[in-house]
Amino acid sequence: MTTIPPATPIPTARPPRLPAPLPPPQPPTSTPNELLAGADRLLGTATASTTGVWPRAVALLLRHALEEALRRYWQARKPQLAHCPLHAQALCLESYADPDTARRWSATWAGLSRACHYHGYELAPTHAELCAWRDDVERATGALVPRTQ
Numbered sequence: 001m002t003t004i005p006p007a008t009p010i011p012t013a014r015p016p017r018l019p020a021p022l023p024p025p026q027p028p029t030s031t032p033n034e035l036l037a038g039a040d041r042l043l044g045t046a047t048a049s050t051t052g053v054w055p056r057a058v059a060l061l062l063r064h065a066l067e068e069a070l071r072r073y074w075q076a077r078k079p080q081l082a083h084c085p086l087h088a089q090a091l092c093l094e095s096y097a098d099p100d101t102a103r104r105w106s107a108t109w110a111g112l113s114r115a116c117h118y119h120g121y122e123l124a125p126t127h128a129e130l131c132a133w134r135d136d137v138e139r140a141t142g143a144l145v146p147r148t149q
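Residue 147 in full-length UniProt numbering is what sits at position 147 of the sequence shown, and the numbering runs on without skipping anything.
Here it is in structure tokens:
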């Protein structure tokens with residue numbers, strides 16, 4: 001009886017570990033004032049080619065201006081909150097800013113969020129509603145800016 005020697009394991013060739021890739025750079029963001037200016041341009045130049053689109057586009061620009069103002073506020077005031085979800089940031093706003101600013105921010109954001117989405121049973125926001133929201137956004141973002149300087 002002959003014995004067969006055990007086979008020697010074949011070493012597996014593992015590729016060398018590469019360092020973790022760097023996260024992609026953050027895209028440049030527009031300032032709240034630039035977003036408001038874009039909304040103003042759309043409010044003033046509704047044409048036949050933008051029919052049915054411009055009201056929600058204005059609402060989206062205004063909502064983004066609010067969100068960007070809040071992000072910049074937290075970045076300057078309490079940077080760890082700038083990375084929290086938007087809802088958490090909005091809840092904390094009343095503790096750091098005055099209650100009127102926090103309420104105005106939340107109410108305006110809620111109205112704009114609803115206006116940004118298409119609903120089969122609702123009309124798009126009117127020009128007057130958008131102008132009122134635009135003024136509210138300007139007041140809310142203006143109230144947050146001086147605290148960052």
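Beta carbons are placed, not taken as given, at the ideal position from N, Cα and C, and that holds for glycine.
Checklist entry - Can you tell me whether Y121 is buried or exposed, with buried defined as 16 or more other CB within 10 angstroms of its CB? => result exposed
Next on the checklist: What would DSSP say about C119, mapped onto helix, strand or coil?
Outcome noted: The sequence shown places His at residue 119, rather than the Cys named in the question. Note: H119 maps to coil in three-state DSSP.
Checklist entry - Is the number of C-beta pairs between the segment 88 to 95 and the segment 56 to 75 that are closer than 8 Å three or more? => result yes
Item to check | Which of helix, strand or coil DSSP assigns to S95 | outcome: helix
Checklist entry - For the putative contact between A59 and L144, defined by C-beta atoms under 8 Å, what is the C-beta separation to the nearest angstrom? => result About 20 Å; that fails the 8 Å criterion.
Checklist entry - Below 7 Å between beta carbons: does that hold for V137 and L42? => result no
Item to check | Other residues of its chain near A82: CB distance less than 6 Å, five sequence neighbours each side excluded | outcome: R71, W74 and Q75
Checklist entry - Do you know how far the Cα of C84 is from the Cα of P19? => result 27 Å
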